[in-house]
């Protein structure tokens with residue numbers, strides 16, 4: 034097999050994202066001088082320093098570029114579910130579903146950029162504004178590679194590229210001790226889990242003699258390969274934050290800056306869940322002896338994840354910690370779509386992710402803007418929010434209802450389809466347990482609604498006007514929460530793309 | 102072409118509330134809000150009346166098809182989910198009932214404060230769910246509308262309720278959503294059990310369009326789940342406990358809508374989905390639920406006797422009467438099932454009337470405790486006479502709807518010749534006597550005698566908006582009682598195919 038530069042053409046998605054990152058990186062070099070001048074003016078006001086729209090350009094450029102890149106990859110999407118293009122001898126693989134997922138992650142990143150624009154433009158962050166975009170997009174690039182990997186090492190490199198820059202993002206507010214602490218916790222546990230994963234991969238190599246996904250299905254089922262599988266699942270469990278690998282989640286989510294938490298809770302988690310699906314399908318799929326083993330394992334992981342996270346979420350006082358436990362429980366539902374590794378499950382998983390992205394980012398956008406304007410993140414602080422900020426409270430309610438799976442919002446549809454897929458695969462009891470858990474989750478989502486609408490508060494969060502970036506993010510999320518479910522084109526499109534012949 | 106026309110025609114019951122939601126969103130002051138509500142609910146009422154006439158005409162022309170005005174548009178192709186609509190005699194009756202309750206509910210909450218606009222937004226969303234549930238015949242769409250109808254209840258009770266409102270709202274929501282967790286499992290079971298090719302209940306029942314019979318063993322798992330799922334909403338013992346708290350705390354119009362219409366979703370669902378689609382299991386396991394509903398009927402009535410809060414009395418009375426609906430459905434004769442649907446109609450109207458009057462009395466006296474109320478007849482004669490009429494209808498006086506419904510039910514139930522059904526029927530009949538006890542106790546206590554509370558002497562009688570609501574409901578109750586035949590014939594055309602569908606298999610099962 035000859036490998037030449039034309040191979041890069043089949044990686045157009047990654048190449049175009051890299052181009053975006055480089056353009057942003059270079060543009061930042063030129064913007065930086067002006068900004069330092071602006072900072073030197075001590076006021077931080079753009080117009081006063083002869084830099085009329087520098088702040089807006091810096092915030093808009095990444096959004097526009099990423100949007101262009103999203104449109105570019107969607108235009109070139111491979112609509113034939115069976116056709117998988119591969120490059121570099123099978124190290125890299127790409128299918129329509131992967132492109133759809135990458136585009137979904139892009140939309141998430143755009144929403145995060147929009148909601149963080151004002152926060153990044155603040156005086157203390159302006160000097161490192163460019164880095165936020167570059168580093169975020171590098172993690173995204175890592176996820177791209179992870180999703181498209183056809184080889185365990187490629188997958189591992191993608192994973193590391195996705196998690197190491199993430200630490201920088203979590204510790205972005207370096208002067209805030211919680212943020213630095215969260216960064217330290219994250220990197221320690223990320224490295225530990227990476228080590229576990231790598232060890233697992235080495236064991237799998239020992240068992241199979243190769244690390245190409247396509248050639249590993251014939252691996253013998255023995256102690257070595259089973260241990261490899263267990264370590265692999267542990268490593269992925271950490272990324273997706275499934276119980277019992279979830280212990281970093283709440284602290285990290287609480288300490289990280291809110292937009293980073295949003296990014297972490299949806300995008301990072303979603304890509305890992307998809308990769309878990311593809312690797313389980315390709316390497317440990319239904320035809321192999323591993324299928325029964327990991328099915329039982331995941332049965333318990335899902336039950337414990339959903340239940341424990343739900344029970345912990347009820348007791349939280351801090352909204353970001355609350356969302357952390359909610360995210361763990363949502364991850365449980367996400368992994369429910371993996372059970373049985375069917376095509377229906379794959380479509381349900383990506384659809385669930387898409388809907389979860391809209392709803393969760395919407396909720397985080399509200400949390401972020403409230404935090405920016407009042408500094409409050411406690412659940413009790415939200416008492417009486419409806420009286421002072423009715424629109425924000427209403428949007429938050431829509432997002433929470435969607436997370437809880439209430440129709441006519443998209444969350445109902447995504448939950449229904451995930452349950453349907455798992456039910457079709459024969460996991461009746463699991464579906465029933467998950468369904469009972471949706472009632473518990475409804476309880477704690479309603480606690481927030483109750484705080485906003487029903488509870489009285491002597492000193493509620495004062496009325497404020499949100500910035501344009503947050504508004505744009507909220508509009509996107511709300512449209513998503515309402516339309517993604519009712520308009521069937523999204524699910525049908527994904528279902529058309531879903532193919533197990535990855 | 103006709104397909105799309107039917108879809109649009111029936112979907113207007115969903116479109117109108119959507120337009121109302123939009124109008125409420127844009128409304129700038131309370132008069133505009135009221136205008137939107139009155140216009141919208143009148144249009145709905147007219148639509149429902151028009152549908153009744155259209156349906157009767159179409160039924161006369163086509164006496165064989167199970168559902169009329171059927172049509173569908175594709176929705177989620179990959180999962181065989183369609184937006185399919187269709188009505189029969191049962192759903193037309195239910196649509197009419199819902200339209201009447203929404204119309205009168207609007208007037209009953211005329212002066213509601215604060216956040217009037219938001220209140221009506223959620224109220225309209227709730228009614229959209231109710232209408233949608235009755236027009237669709239696709240399990241997914243039905244389930245979606247069912248849940249749309251449930252969740253606004255949380256905010257409606259939590260924000261605008263009284264008493265232990267937060268507790269009651271949470272309890273109600275969680276119990277009903279718990280029920281729908283069972284229900285969702287049941288729906289999956291039916292869908293995949295019948296081959297996973299169609300969600301349309303008519304196709305599943307008739308084994309057309311790729312559906313085949315559901316394995317009897319599987320039916321015995323999914324039937325209880327589905328029945329309990331809907332039964333929670335239909336106040337099936339022992340899952341009824343949300344109902345008294347919820348009704349007592351809810352604002353007037355919400356109690357009306359909830360007891361009047363929402364609880365009927367439970368009975369309708371049990372009949373239409375649980376029993377219709379799983380006839381063998383309904384035959385084999387029906388007796389368990391028959392005992393439970395029998396307990397509902399008697400227990401509800403006894404509980405109502407010892408309550409002192411007017412709303413609690415009525416809520417327990419609802420448990421008893423809704424229990425009777427499920428009881429009659431499970432008796433599985435043409436007559437008893439027709440009676441069940443009549444009872445849904447009659448109970449919906451009577452209870453709405455009751456809750457409306459209680460709300461109006463409470464709005465004046467600020468107490469619902471019957472020990473503190475007396476001699477109201479002289480102070481507010483209009484409301485008191487309304488209350489007596491509601492009470493008499495409730496205890497089954499001939500001439501009102503309650504008599505027709507209960508008579509039909511008990512006659513139908515007695516058609517089952519075996520001892521088990523006979524004993525249950527006789528036990529359930531006792532509830533009529535108990536009903537008379539608690540109704541007359543309340544009427545005598547609060548309306549007659551001399552008024553001892555000086556504050557109450559200053560109170561005024563009903564205002565015009567309240568009179569509209571009360572008169573509409575009384576006319577409906579009396580109309581149903583005096584001219585029951587056309588309704589009962591219409592319902593019978595809907596019930597007959599369903600019961601016939603379930604019963605042939607009954608003989609087959611008995612023959613084994």
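Protein chains in written order, with my numbering: chain A, 34 to 535; chain B, 102 to 613.
All residues carry an ideal CB built from backbone N, CA and C; glycine is no exception.
Computed from a predicted structure; not experimentally measured.
In whole angstroms, what is the alpha-carbon distance linking residue 521 of chain A and residue 57 of chain A?
Reading the first chain from its first residue, position 488 is the one you call residue 521 of chain A. Reading the first chain from its first residue, position 24 is the one you call residue 57 of chain A. Near 36 Å, if we compare the C-alpha coordinates of residue 57 of chain A and residue 521 of chain A.
For residue 291 of chain B, which residues in chain A fall below 9 Å Cβ to Cβ?
Reading the second chain from its first residue, position 190 is the one you call residue 291 of chain B. Those within 9 Å of residue 291 of chain B in chain A number zero; the least Cβ separation is about 11 Å.
Taking C-alpha atoms, which residue in B:126, B:140, B:272 and B:546 lies nearest to residue 489 of chain B?
Here residue 489 of chain B refers to the residue found at position 388 of the second chain. Answer by Cα proximity: B:546.
To the nearest angstrom, how far is the alpha carbon of residue 496 of chain A from that of residue 419 of chain A?
Locating residue 496 of chain A in the first chain gives position 463, counting from the first residue. Locating residue 419 of chain A in the first chain gives position 386, counting from the first residue. Taking the straight line joining both Cα atoms gives about 10 Å.
Count the other CB atoms, across all protein chains shown, that sit within 10 Å of the CB of residue 204 of chain B; report buried if there are 16 or more and exposed otherwise.
Start at 1 with the first residue of the second chain, and residue 204 of chain B comes out as number 103. Classification for residue 204 of chain B: buried.
Any C-beta of chain A within less than 9 Å: which residues of the segment 212-223 of chain B qualify?
Within the segment 212-223 of chain B, the residues whose Cβ lies closer than 9 Å to some Cβ of chain A are 216 and 219, listed in chain order.
If you follow the alpha helix (DSSP H) that residue 540 of chain B is part of, which residue opens it and which one closes it?
What you label residue 540 of chain B is simply residue 439 of the second chain in a count that begins at 1. Run containing residue 540 of chain B: 520-548, per the alpha helix (DSSP H) assignment.
At the level of alpha carbons, what is the spacing between residue 121 of chain A and residue 229 of chain B?
To locate residue 121 of chain A, count along the first chain from 1; it is residue 88. To locate residue 229 of chain B, count along the second chain from 1; it is residue 128. Roughly 56 Å separates the two Cα atoms.
Take the Cβ of residue 598 of chain B as the centre, count every other Cβ of all protein chains shown within 10 Å, and call the residue buried at 16 or more, exposed below.
As a working mapping, residue 598 of chain B is identified with position 497 in the second chain. The residue in question, residue 598 of chain B, is buried, as its Cβ has 16 or more Cβ neighbours within 10 Å.
Nearest to residue 479 of chain B by alpha carbon, out of B:550, B:370 and B:124?
As a first step, residue 479 of chain B is located in the second chain; it is residue number 378 there, counting from the start. Selected option, being the one with the closest Cα: B:550.
Are the Cβ atoms of residue 191 of chain B and residue 417 of chain B separated by less than 8 Å?
Sequence index remark: in the second chain, residue 191 of chain B carries index 90 (1-based). Sequence index remark: in the second chain, residue 417 of chain B carries index 316 (1-based). No. Outside cutoff.
Does residue 498 of chain A pass the burial test, meaning 16 or more other C-beta atoms within 10 Å, or should it be called exposed?
Position 465 of the first chain, counted from the first residue, corresponds to residue 498 of chain A. So residue 498 of chain A counts as exposed.
I'd like to know if the segment 184-198 of chain B and the segment 439-455 of chain B are in contact, where contact means that at least 3 CB-CB pairs between them fall below 8 Å.
Segments in contact, yes.
Please state whether DSSP places residue 205 of chain A in a helix, a strand or coil.
Taking the first chain and counting its residues from 1, the one referred to as residue 205 of chain A is at position 172. Three-state result, residue 205 of chain A: coil.
How many Å lie between residue 423 of chain B and residue 395 of chain B at the Cα?
The sequence position of residue 423 of chain B within the second chain is 322, counting from 1. The sequence position of residue 395 of chain B within the second chain is 294, counting from 1. For residue 423 of chain B and residue 395 of chain B, the distance between alpha carbons rounds to 11 Å.
I'd like to know whether the C-beta of residue 544 of chain B is nearer than 8 Å to at least one C-beta of chain A.
For the purposes of this step, residue 544 of chain B is taken as residue 443 along the second chain, with counting starting at 1. Judged by the 8 Å Cβ criterion, residue 544 of chain B is not in contact with chain A.
Can you list, in chain order, the residues of the segment 502-526 of chain A whose Cβ is nearer than 8 Å to any Cβ on chain B?
Within the segment 502-526 of chain A, the residues whose Cβ lies closer than 8 Å to some Cβ of chain B are 521, 524 and 525, listed in chain order.
Using only alpha-carbon positions, find the residue among A:45, A:63 and A:133 that is nearest to residue 384 of chain A.
The count along the first chain starts at 1 and reaches residue 384 of chain A at position 351. Ranking A:45, A:63 and A:133 by Cα distance to residue 384 of chain A puts A:133 first.
Quick one: does residue 483 of chain A have its CB under 8 Å from some CB of chain B?
The residue you call residue 483 of chain A lines up with position 450 of the first chain. Yes, its Cβ sits closer than 8 Å to a Cβ of chain B.
Which residues in chain B have a C-beta closer than 8 Å to the C-beta of residue 475 of chain A? List them in chain order.
Mapped onto the first chain, residue 475 of chain A falls at position 442. Within chain B, the residues near residue 475 of chain A are 274, 275 and 278.
Establish whether the CB of residue 285 of chain B and some CB of chain A are separated by less than 8 Å.
Position 184 of the second chain, counting from 1, holds the residue named residue 285 of chain B. Yes, residue 285 of chain B lies at the interface with chain A (some Cβ there is under 8 Å from its Cβ).
For residue 184 of chain A, list the residues DSSP reports as bridge partners.
What you label residue 184 of chain A is simply residue 151 of the first chain in a count that begins at 1. Its beta-bridge partners are A:245.
With distances taken between CB atoms, is the gap from residue 323 of chain B to residue 291 of chain B smaller than 8 Å?
Against the second chain, residue 323 of chain B aligns to sequence position 222. Against the second chain, residue 291 of chain B aligns to sequence position 190. In this structure, residue 291 of chain B lies closer than 8 Å to residue 323 of chain B by Cβ.
Kindly list the residues whose CB is nearer than 6 Å to the CB of residue 518 of chain A, restricted to its own chain and excluding five residues on each side of it in sequence; keep chain order.
The residue labelled residue 518 of chain A in the question sits at position 485 within the first chain. Correct list, in chain order: 443 and 446.
By the three-class DSSP mapping on this structure, what secondary structure does residue 185 of chain B have?
Your numbering for residue 185 of chain B matches position 84 in the second chain. The answer is strand: DSSP assigns residue 185 of chain B an E or B state.
Please check the pair residue 420 of chain B and residue 341 of chain B, which I expect to be a contact at CB under 8 Å, by giving their CB distance rounded to whole angstroms.
As a first step, residue 420 of chain B is located in the second chain; it is residue number 319 there, counting from the start. As a first step, residue 341 of chain B is located in the second chain; it is residue number 240 there, counting from the start. About 5 Å; that satisfies the 8 Å criterion.
When DSSP labels each residue in this structure, what does residue 338 of chain B get in the three-state scheme?
On the second chain, position 237 is the one that residue 338 of chain B refers to. In the structure shown, residue 338 of chain B sits in coil (DSSP, three-state: anything other than H, G, I, E or B).
Mind listing the chain A neighbours of residue 245 of chain B? Cutoff is C-beta to C-beta under 8 Å, in chain order.
Residue mapping note: residue 245 of chain B aligns to position 144 of the second chain, counting from 1. What residue 245 of chain B touches in chain A: 440, 441 and 445.
Given that a residue counts as buried once 16 or more other Cβ atoms are within 10 Å of its Cβ, and exposed if not, what is residue 177 of chain B?
In the second chain, the residue the question calls residue 177 of chain B occupies position 76. Residue 177 of chain B should be labelled buried.
Give the straight-line distance between the Cα atoms of residue 186 of chain A and residue 225 of chain A, rounded to the nearest whole angstrom.
Along the first chain, one-based indexing puts residue 186 of chain A at 153. Along the first chain, one-based indexing puts residue 225 of chain A at 192. Distance between the alpha carbons of residue 186 of chain A and residue 225 of chain A is about 17 Å.
Confirm, please, whether the CB-CB distance from residue 232 of chain B to residue 196 of chain B is below 8 Å.
Start at 1 with the first residue of the second chain, and residue 196 of chain B comes out as number 95. Start at 1 with the first residue of the second chain, and residue 232 of chain B comes out as number 131. In this structure, residue 232 of chain B lies closer than 8 Å to residue 196 of chain B by Cβ.
According to the Cβ coordinates, are residue 402 of chain B and residue 535 of chain B closer than 8 Å?
Walking along the second chain from the start, residue 402 of chain B turns up at place 301. Walking along the second chain from the start, residue 535 of chain B turns up at place 434. Against a cut-off of 8 Å, the Cβ pair of residue 535 of chain B and residue 402 of chain B comes out as a contact.
Of all Cβ atoms in chain A, is any one closer than 8 Å to the Cβ of residue 177 of chain B?
For the purposes of this step, residue 177 of chain B is taken as the residue at position 76 of the second chain. So, interface residue.
Out of B:515, B:594, B:251 and B:566, which has the shortest C-alpha to C-alpha gap to residue 224 of chain B?
For the purposes of this step, residue 224 of chain B is taken as residue 123 along the second chain, with counting starting at 1. Comparing Cα-Cα distances from residue 224 of chain B to each of B:515, B:594, B:251 and B:566, the minimum goes to B:251.
Out of A:404, A:479 and A:426, point me to the one whose CA is closest to residue 437 of chain A's CA.
For the purposes of this step, residue 437 of chain A is taken as residue 404 along the first chain, with counting starting at 1. The candidate whose alpha carbon is nearest that of residue 437 of chain A is A:479.
Leaving out five residues on either side along the sequence, give the residues of the same chain with a beta carbon under 6 Å from the beta carbon of residue 77 of chain A.
On the first chain, position 44 is the one that residue 77 of chain A refers to. Low confidence applies here, because residue 77 of chain A scores a pLDDT of 45, under 50, leaving its location unreliable; read the following figure in that light. Same-chain partners within the cutoff: 156.
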